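J.: In my numbering, the protein residues as written are 22 to 163.
The beta-carbon is built from N, C-alpha and C at its ideal position, and this holds for glycine as well.
Predicted model only: the values in this text are computed from it and were never measured.
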């Protein structure tokens, strides 16, 4: 019986000692440069650009016992301070406004997901996904 308690204590001690190591291996919530696509309905091309987005680990907790009376809010890495930039898509027809505005992350924070600036879905498209033909910002075709 003593062996069972010693084994449990060793497992608990390992969990306590290794938790800081595991947490330090995960990237914190911060702006990173990411390749993203910019496109607009009616325009035949999609620009692929580099821009800072928010990415990284946020500590979350999921209760073991869920109650219908409690609400669980999960925090995600999202924009704290943001600036908006506008670019012009090439080859748009005259009746389509060729300008597209996109967010640029200045700083990030672990908070509730804001659907106005973030993709809050579980399985989303990659940031550089294009429906139309891709064009690099320097003009090279993919």
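(1) First and last residue of the beta strand (DSSP E) that includes residue 121?
(2) For residue 249, which of helix, strand or coil comes out of DSSP?
(3) Just the Cα atoms here: how many angstroms apart are residue 128 and residue 96?
(4) Confirm, please, whether the CB-CB distance from residue 66 to residue 125 is below 9 Å.
(5) Nearest CA to the CA of residue 51: which residue from 111, 122, 102?
(6) Determine the DSSP secondary structure at residue 94, reduced to helix, strand or coil.
T.: The relevant details are as follows:
(1) Residue mapping note: residue 121 aligns to position 100 of the chain shown, counting from 1. Counting along the chain, the beta strand (DSSP E) containing residue 121 begins and ends at 120-132.
(2) Only positions 22 to 163 of the chain appear in this structure, which leaves residue 249 out of reach.
(3) Residue mapping note: residue 128 aligns to position 107 of the chain shown, counting from 1. Residue mapping note: residue 96 aligns to position 75 of the chain shown, counting from 1. Their backbone Cα atoms lie some 16 Å apart in a straight line.
(4) On the chain shown, residue 125 is found 104 positions in, with the first residue counted as 1. On the chain shown, residue 66 is found 45 positions in, with the first residue counted as 1. No, the pair does not count as a contact, with Cβ atoms beyond the cut-off.
(5) Here the question's residue 51 lines up with position 30 in the chain shown. Looking at the Cα atoms, 102 is the closest of the given residues.
(6) The count along the chain shown starts at 1 and reaches residue 94 at position 73. Coil at residue 94, not helix or strand.
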